[in-house]
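Residue numbers (full-length UniProt numbering): 1 to 190. Worksheet for the structure shown next.
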Ligand code: 16G
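Put into structure tokens, the structure is as follows:
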């Protein structure tokens, strides 16, 4: 990485961090034992919006546990981050292990603006990943509960996601149900 880019990677959050603390956590649909929350995600962990400095905290290492993450440069990462921040529709959250200074989990909410449903928004949950070194800490549940409540707070009329058949039971816990519609895709590259 060039020194100039190191200077551009900083702690500026992708979106207003207070949004995560202001959620009505009592209205979540799953229970946690021990009782963790966005403000108290567990010993040595913090839940917060993505910042560009996370590029050097293993953000891509976590994403690569989901799918092809690619060989991305800091410049490409910053360009996408800035685009996402400008639109205001991207809510990428991360869990950082503060002792290791490493990202251990991430998930994204995107709000898509519609003309239908009285110009409402649709929420989409994407890239839910918990690092294999951090399983068993309820972090997947924490991330999905947080983004589902956030989408409601942001007035989305519905929230959707695509997942592997083995994960259907997991998402059912948060009141998601399999749609009658079929997910279709046309792939150009991996
Ligand atoms: C899963 C993810 C989706 C991600 C895709 C990547 C969730 C809920 N779903 O469907 O967000 O974009 O995997 O797979 O995390 P792909 O590389 O085959 O597109």
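Using N, Cα and C, we set each Cβ at its ideal position, and we do this for glycine too. All figures in this text were calculated on a predicted structure; none of them were measured in a lab.
Span separating the alpha-carbon of residue i from that of residue j
| i | j | result |
| --- | --- | --- |
| residue 74 | residue 80 | 10 Å |
| residue 146 | residue 182 | 26 Å |
| residue 32 | residue 105 | 17 Å |
| residue 55 | residue 77 | 8 Å |
| residue 201 | residue 72 | This structure gives no information on residue 201, because the portion of the chain shown stretches from 1 to 190. |
| residue 98 | residue 42 | 11 Å |
| residue 133 | residue 51 | 22 Å |
| residue 109 | residue 100 | 26 Å |
| residue 82 | residue 91 | 13 Å |
| residue 137 | residue 37 | 12 Å |
| residue 13 | residue 177 | 32 Å |
| residue 59 | residue 120 | 31 Å |
| residue 148 | residue 171 | 11 Å |
| residue 21 | residue 175 | 22 Å |
| residue 27 | residue 184 | 33 Å |
| residue 107 | residue 127 | 5 Å |
| residue 168 | residue 135 | 18 Å |
| residue 35 | residue 17 | 21 Å |
| residue 186 | residue 116 | 25 Å |
| residue 70 | residue 163 | 21 Å |
| residue 154 | residue 25 | 15 Å |
| residue 11 | residue 53 | 6 Å |
Beta-carbon spacing of residue i, residue j below 9 Å
| i | j | result |
| --- | --- | --- |
| residue 23 | residue 95 | no |
| residue 125 | residue 103 | no |
| residue 87 | residue 156 | no |
| residue 118 | residue 62 | no |
| residue 129 | residue 65 | yes |
| residue 15 | residue 85 | yes |
| residue 180 | residue 68 | no |
| residue 47 | residue 39 | yes |
| residue 114 | residue 141 | no |
Bridge-paired residues (DSSP) for residue i
| i | result |
| --- | --- |
| residue 123 | 111, 159 |
| residue 48 | 94 |
| residue 105 | 95, 130 |
Candidates the options, of which the one nearest residue i by Cα
| i | options | result |
| --- | --- | --- |
| residue 49 | 29, 176, 82, 19 | 19 |
| residue 9 | 57, 30, 25 | 57 |
| residue 29 | 186, 152, 163 | 152 |
| residue 93 | 122, 184, 150, 135 | 150 |
| residue 161 | 135, 122, 89 | 122 |
Residue-chain proximity (residue i, chain C), Cβ-Cβ < 9 Å
| i | result |
| --- | --- |
| residue 169 | Structure shown: chain C not included; a single protein chain is present. |
Any non-hydrogen atom of the ligand MN within 8 Å of residue i CB
| i | result |
| --- | --- |
| residue 129 | With respect to small molecules bound, the structure shown includes the ligand 16G and not the ligand MN. |
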